[in-house]
Amino acid sequence: MMDWLTYWVVYGVFSVAEFFADIFLSWFPFYYIGKCAFLVWCMAPTPSNGSVQIYNRIIRPFFLKNEAKIDDVVKNIKDKASEAADKFKDEAKKATANIIFEEKKSS
29 MMDWLTYWVV
39 YGVFSVAEFF
49 ADIFLSWFPF
59 YYIGKCAFLV
69 WCMAPTPSNG
79 SVQIYNRIIR
89 PFFLKNEAKI
99 DDVVKNIKDK
109 ASEAADKFKD
119 EAKKATANII
129 FEEKKSS
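Residue numbers (my numbering): 29 to 135.
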């Protein structure tokens, strides 16, 4: 189970990187064959497949090194989303009150 979780973390990072680099990489010959070979290597049923190696050598150290920064960014996004939700809730309450007031006024 842990191997598949590691694979999906590596695949997610690869997908994000590919999203931005695909416009350039797709011009290289055999890019799609190389991509397919890379993904097969990442999910190979061996104890030290590509996803385990990439995760342990690149992804995990990067996240451990930048853990505090990542936590700050996530907290900042959470706070902004909470503020936006509160503003939306307040506006929805005002709009509902206005609709009810208009209905009572017109009847």
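By construction, the Cβ of each residue, glycine as well, lies at the ideal position given by its N, Cα and C atoms.
Since we're looking at a predicted model, the values are computed, not measured.
So for residue i, helix, strand or coil by DSSP?
| i | result |
| --- | --- |
| S76 | coil |
| S54 | coil |
| M71 | coil |
Cα separation between residue i and residue j?
| i | j | result |
| --- | --- | --- |
| K63 | F90 | 23 Å |
| K93 | F42 | 19 Å |
| Y39 | L67 | 8 Å |
| K108 | I61 | 42 Å |
| V44 | I128 | 47 Å |
| R85 | D118 | 48 Å |
| D99 | L53 | 32 Å |
Please identify the residue among the options whose C-alpha is closest to the C-alpha of residue i.
| i | options | result |
| --- | --- | --- |
| P75 | A125, Y35 and E131 | Y35 |
| W69 | V44, A49, D31 and D114 | D31 |
| L33 | F48, S79, S54 and A72 | S79 |
Given residue i, which residues of its chain have a CB within under 6 Å of its CB, disregarding the five upstream and five downstream residues?
| i | result |
| --- | --- |
| A125 | none |
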